[in-house]
Structures are given as structure tokens and as C-alpha cells.
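Participant: The structure follows.
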Amino acid sequence: MAIVGAGSIGLAVAWRAAQAGAEVVVHDPEPGSGASRVAAGMIAPVTESHYGEAALTPFMAASADAWPDFARELEAASGVLVGFRDMPTIVVGVEDGDRAEVERQTELYRLTARNVEVLTGRAVRTAEPLLNHRVRAGVLATEDRAVDPRAVHAALLVAAERAGVRIEAGAVREPGEIDADQVVIAAGCGSARFGLPVRPVRGVVLRLRAAADQAVPRTTVRGYVKGHSVYIVTRENGEVVVGATSDERGFDRTTGTAGAVHDLLRRSIELVPETAEYHLDEISVGFRPGTPDNLPLIGRLDARTIAATGHYRNGIALIPATATAVAEVLRGGDPGLIRAFDPARFGRPAPGAAGRADGPDSGKTEALEGSMQRLDAPFSGAPESNVHGGSDKSGAGDVRRRSESDRSSEDGSVEEET
Ligand SMILES: Cc1cc2nc3c(=O)[nH]c(=O)nc-3n(C[C@H](O)[C@H](O)[C@H](O)COP(=O)(O)OP(=O)(O)OC[C@H]3O[C@@H](n4cnc5c(N)ncnc54)[C@H](O)[C@@H]3O)c2cc1C
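The following block contains the structure:
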């Protein structure tokens, strides 16, 4: 069988298929150059719940529950540590309006039927000592977790190759050109080329670095600052990821980064003042593979082709469940939890749709969805570094397809962010 795309989804599907005995070839001009390289790595079945996406809740829950064993198995198979952390998420607001937003979100979190604790007074500071002293209440999602997506991708590459998967460098223009009995389309935003309704939703994240003697948050901190959301994800190695902006301007990586960096830093410092003391390591821009209803596309397109794409802001969280689900589809089993993600809900891709993607024409360009720029010294690289990116400022008149949660920002509440 063949897989188009060696992001985390394609590689996880390939690894599982090879373990089941299939001969697997994965095609990608640049494995790991897509969203999987940019993602923050939250596995957040509670704090990633959004209105209008109830069908995702059981799938997110199943995947989050599968992550601890998946991480252990992947580390054992590859010898690469994937930075899995069983750390809770705390959600807070500083101003009145932001606290009201947290309360509104808490109602939604409770619908996931997972553990949600409302904290007040000293309990908030005990849960996360680095919070701004003005934060007096918060919500703790004890079952949210996090992982290092770059380490996961590196581990998947090794594990897949050790299981016999062959990686072929090159972009696929249409499934018909591949010699294989089964083809899985897992090309992230590049999946639009194959007639699938996937659009790029641009996001900027910052990678900060804490020195060994600096304090770092012990939770994933999410919150709202004057109606805008921000998150801070900390890794064991001192990396602190601050994200993320969200806007829709195709594959534009060339505008808006300065504003994005300013906004993300301002908001993160407001929630956790200590973040101002860290080193700014990297600014990265990626493109979430969004779909018209923000749910993934997982299932058969025809007797030969399967879609495993459109994971939008949750593609890292959904790695284990997606790999299991595609293995089940290949076996011809019951779709179960992925029934709601049947790609046929938007109609079948038209024959010959390949090559009519919204994105750039060459598969090569589509493949280079993520870009990043390392900064050698704190705040020193901006002018000449040609950092590509975007901000979440909604420019008047810019044509943007908005998700449910995006829309809520227009009435003064929050923006979609992961
Ligand atoms: C800023 C940001 C923050 C995020 N944070 C989180 C988070 O905290 N938690 C979470 O769960 N998710 C998060 N996500 C979402 C997550 O990154 C994606 O959903 C996930 O990485 C999608 O994985 P993928 O393998 O489908 O796609 P990708 O990682 O984009 O990989 C697609 C691959 O397909 C290849 N390709 C494209 N076209 C072709 C072609 N024609 N032929 C061959 N190969 C091709 C590309 O080269 C690429 O390697 C975030 C995303 C962004 C942008």
C-alpha cells in the first residue's frame, strides 16, 4: 500500500499498517515539513472542545486515553523519547470579561464528561505558582496532556522504517500515478490537491527557552487576555511554546509576523510574567488542515483510496486514534467513532480533481507548509531574518472563512487558537 504524506498522521498510519504485515511506501518530498513540525503538542480532549464539534469529543477522548501506551510503544520501537507529559491544563482570565469567558468555556468542558475542577483563591496559585498575581480563579483540566510533536515525528520516522516502511522522496500529483493496491491520502493541507475539502488555517507559534535555573510553569497554561486567547506549553527540556494565532490567507507566510509575535508575547507575559525572562528561540508558521465543519476526513473515498486528513487543530492529539481507525478501515471493519468523519459527507472528490488544489501548484511548495526561523540571540533576528508568518489581527475586508469559535471573537469573546 502507499501513503501520500509523511507528516505525523501518514507515518503513524504507515507504522501501524506495516506492523499488521502490509508492504508500505510513504511518498513525501520533505517529510515533517508540514503542520506536525509547528504544532504545540497539546493533547487536550477537555480544553480543545469547541461548540459545534461534539462529534469530535469521543474520538478526542479515545485518542487521549490511547496516548500514554502509544508513547511508550513508540519510544520502545524507535529509541526516541517523545516528551509525553501527563501535566494538567489550567485555564484562567485576568480581567472580568476574560473570567466570564472562562466560566462560559467551563460549561463546555463539562460536556466532555472528563475531570474539570474549578479553583479559587490559593488553590489556583498552588496549581500554578507562576500565574500573574491578579489571577484569582481558574479551571483545571486534569486529563489534558502534552507531547513534543517534533520528537513524535522523529520517532515515527524511525519506528516506521524499522517496521519495514519505505520513504520515497517526491510529491504525488494524483493517486493514479502510484503503483499500489491501497492509497491513503494523509497530505495535510496538501490533500486539497486530491479534491478533498481541506483549507490552510495559518498559525504562528513561538518557541521560548528557559535556562536550567529559571522557573517554568508546571501546567499547560491557557487563558484569555482582553478577549484574546493564548496558551503556554512547557516541555521537560526547558522549551516553552507560546501560541497561537489563527487566520486564513491561503499559504501566505510572508506577512504579519511582527504583530503576531507582539500579541503572543504580550498575552503570555500577562498570564505568566516569567515568560518575559526566557530566550526567544524560534518563530514558526504553519497551516492547520481545516475542513468545512472543522472535523477530520477519515474513511474510504473509493475501493482503493482512503482519506486520513483534515485534522485541523488536533492532529497531534488524534495520532493514535487515527492510526487505529485507518487500520480498521483497511481491515474492512466497523468505522465506529469515525463514522462522523466520513469524507463522503461533502460529496466524493470529482474524478480528475487531482491538481486543482487551492494551494500552490507544485506539490513541492504545498509540502513546505511549515516554515521557521531560529533566532540566535534574544529578539535580535527580526529585521533581516525574513521570518514568515501572520497575526490574528482581523484586517478589515480580508476574506476569511471562519470557524464557529472564530466567529465568537467578533462578538468580543475569544478567537480559535490551537
Ligand atoms: C500553530 C499550530 C499549532 C498547533 N497545535 C496543535 C496542538 O497543540 N495539538 C494538536 O493536536 N494539533 C495541533 N496543531 C495541528 C496539527 O499540527 C495538525 O493537525 C497535524 O500536524 C496534521 O498532521 P498531518 O500529518 O495530517 O499533516 P502535516 O504535518 O502537515 O503533514 C503533511 C505532509 O504531507 C506532505 N505532502 C503535501 N502534499 C503532498 C503531495 N502532493 N505528495 C506527497 N506529500 C505531500 C507534506 O510534505 C507534509 O510532510 C497545530 C497546528 C498549528 C499550525
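Each residue of the sequence shown is one higher than the last, beginning at 794 in our numbering.
Note that the Cβ used here is the ideal one computed from N, Cα and C, for glycine as well.
These numbers come from a predicted model, not from an experiment.
1) Return the bridge partner residues of residue 1032 from the DSSP annotation.
2) Do you know whose CA, among 1083, 1009, 826, lies nearest residue 962's CA?
3) Going by DSSP, which residues form a beta bridge with residue 934?
4) DSSP three-state call for residue 971: helix, strand or coil?
5) Residue 1043 to residue 1101, Cα distance in whole Å?
6) Along the alpha helix (DSSP H) that carries residue 1082, what are the first and last residues, could you check?
7) Over the uninterrupted beta strand (DSSP E) stretch that includes residue 1014, give me the two end residues.
8) Quick one: does the C-beta of residue 1107 sit closer than 7 angstroms to a heavy atom of ligand 1?
9) Taking a contact to mean a Cβ-Cβ separation below 8 angstroms, would you say residue 1064 touches residue 1025 in this structure?
10) When DSSP labels each residue in this structure, what does residue 1131 get in the three-state scheme?
11) Is any non-hydrogen atom of ligand 1 found closer than 7 angstroms to the C-beta of residue 1076, if you look at the structure I gave you?
12) Can you have a look at residue 1005 and say buried or exposed, based on whether 16 or more other CB atoms are within 10 angstroms of its CB?
13) Run through DSSP, which three-state label would residue 844 get?
14) DSSP has residue 851 in a bridge; who is on the other side?
15) Where DSSP assigns a beta bridge to residue 924, which residues make up the other side?
16) Select from 1061, 960, 940 the residue whose C-alpha is nearest the C-alpha of residue 877.
17) Using DSSP with H/G/I as helix, E/B as strand and the rest coil, what is residue 1021?
18) Can you have a look at residue 845 and say buried or exposed, based on whether 16 or more other CB atoms are within 10 angstroms of its CB?
19) Taking 7 angstroms as the line, does the beta carbon of residue 843 fall inside it for any heavy atom of ligand 1?
20) Using a Cβ cut-off of 8 angstroms (strictly closer), state whether residue 961 contacts chain B.
Facilitator: Result, derived from the coordinates:
1) 1002
2) 826
3) 882, 909
4) coil
5) 21 angstroms
6) Careful: residue 1082 lies outside any alpha helix (DSSP H), inside the beta strand (DSSP E) at 1072 to 1083.
7) 1013 to 1018
8) yes
9) yes
10) helix
11) no
12) exposed
13) coil
14) Paired residues: none, contrary to the question.
15) DSSP, once it has assigned bridges, lists no residue as partnering residue 924.
16) 940
17) strand
18) exposed
19) no
20) Considering every chain present, this structure includes no chain B. It has just one protein chain.
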